[in-house]
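Residue numbers (UniProt numbering): 1 to 300. Just so you know, even glycine gets a beta-carbon here, dropped at the ideal spot from N, CA and C. Okay, so here's the structure we're looking at.
Put into C-alpha cells, the structure is as follows:
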C-alpha cells in the first residue's frame, strides 16, 4: 500500500451521488456549509455555470468539470447571466436519483451532485485546499475520469438492478481520480503532499504512515531521511508547517478512530497499537483531538 492509499484508507472515505440538477434560464442556488467530515462535489454533464465561493473567488464550470469542496464550505452556484436571488427548485421523484429542476425540461445545465463522507480529522482532507476544480477534458490518463463520469451518468439515467449501490461505489472511486488529476496539475508547496514530494523527507513521513505505533525519535526519523537531526527538523517544519510530532499525533488519532469503529480491540490494545503505553494518556489525547472520549466513539 503506497502512502496515498494509506491516507485514503485512514480517511475512511464513503462516496454518495445524491441528486441530478437540471436548470434552465437564469437561476441561483445556495449551498449551506456542511458538517465537518462532509465534502460536496458537483459534476457538470453539459452546459456551464458560475460558482461563487466564501472567500470571494468565482469559478466558471463547463462540461466535464468537477468542483469539490473538501471542507464543506458554503458556496453559491448560478447561471452565467446577471446575479439573481437564490431560487428553490422543484423536486422530481421516480428515478434512481432525485432531480432538482428549475425552468423547463430542456435544461441549459445538467449536473450531478454528491458528497464524500470522511473521518472528520482526516490528514488527507486537511491537506486539500478550500476548493478544487478538475476537468475530464484536460486530464486524460487514458480517459479514466471521463469514462467514470459517463458511467455515473448512464447509471443515473437507467434503472438497472443494484444501481444505487453501484453509483455510490463509483462515487467513492471518483474521489481517487479527482485527487490524481489535482496532484498531476498541482505541486503542493506545504503540508502532507509536499512532504511526500520531497525526496528525503518523504522517507521519514512514509515510515510514520506505515507504522504510526512505532516509538519514533528524532534520531530514527532523521536516519530514515538520511539527514542530520538539525537539518531534518528544520526541513520538516519548513515543508509540513508543523513538527513531526504534531503530524504523528494526528496520524495516531486517526488510526485509533478507525480501530474504535472497525475492530473489537480493547482500548488498551488500541492505545498500544498507536504508540501509547498508557490508556489514560491515549484517552486524554484522543479527547483533545475529537472532542469526545474513545469509549463514547465506540458506543456510537
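If residue 258 and residue 10 are in contact, beta carbons under 8 Å, what's the gap, nearest whole angstrom?
With a beta-carbon spacing of about 7 Å, residue 258 and residue 10 fall inside the 8 Å limit used to define contacts.
In whole angstroms, what is the alpha-carbon distance linking residue 244 and residue 14?
Distance between residue 244 and residue 14, taken at the CA atoms: about 28 Å.
Quick one: what's got a C-beta closer than 6 Å to residue 122's C-beta in the same chain, skipping five residues either side?
Around residue 122: 11.
Enclosing beta strand (DSSP E) for residue 41 [first to last residue]
In the DSSP assignment, residue 41 falls within the unbroken beta strand (DSSP E) covering 38-46.
Does DSSP put residue 226 in a helix, a strand or coil?
Reduced to three states, the DSSP call for residue 226 is coil.
Going along the chain, which residues of its own chain have a beta-carbon closer than 7 Å to the beta-carbon of residue 148, five neighbours each way excluded?
Setting aside the 5 residues that flank it on each side, residue 148 is surrounded in the same chain by 170, 173, 174, 177, each with a C-beta closer than 7 Å to its C-beta; the list follows chain order.
What are the partner residues of residue 99, as DSSP defines its beta bridges?
As DSSP reads the structure, residue 99 sits in a beta bridge with 20, 92.
Going by beta carbon distance, what residues of the same chain come within less than 7 Å of residue 24, once the five residues before and after it are set aside?
Here the set comprises 102, 103, 104, 106, 107, 108.
Where does residue 171 sit, in a helix, a strand or coil, going by DSSP?
Residue 171 falls in the helix class under three-state DSSP.
Please go through the same chain and pick out, in chain order, the residues whose beta-carbon is closer than 7 Å to the beta-carbon of residue 110, but skip the five residues on each side of it.
The answer, listed in chain order, is 22, 45, 46, 47.
Quick check on the burial criterion: 16 or more other C-beta atoms within 10 angstroms. Buried or exposed for residue 157?
For residue 157, the number of other beta carbons within 10 angstroms of its own is below 16, and it is reported as exposed.
For residue 214, I'd like the list of residues in its chain whose CB is within less than 6 Å of its CB, leaving aside the five on either flank, ordered along the chain.
Nothing meets the Cβ criterion.
Between the Cα of residue 227 and those of 248, 212, 202, 250, spot the shortest distance and give me the residue it belongs to.
Restricting attention to 248, 212, 202, 250, the CA atom closest to the CA of residue 227 is found in 202.
State the beta-bridge partners of residue 30 as determined by DSSP.
Answer is 76, bridged to residue 30.
Can you give the Cα-Cα distance for residue 79 and residue 26, rounded to whole angstroms?
Residue 79 and residue 26 have their C-alpha atoms spaced approximately 5 Å apart.
Is the separation between the beta-carbon of residue 282 and that of residue 276 shorter than 8 Å?
Closer than 8 Å, so yes.
Assuming residue 274 contacts residue 255 under a Cβ cut-off of 8 Å, what Cβ separation, rounded to an integer in Å, is found between them?
About 5 Å separates the CB atoms of residue 274 and residue 255; that is less than 8 Å, so the two are in contact.
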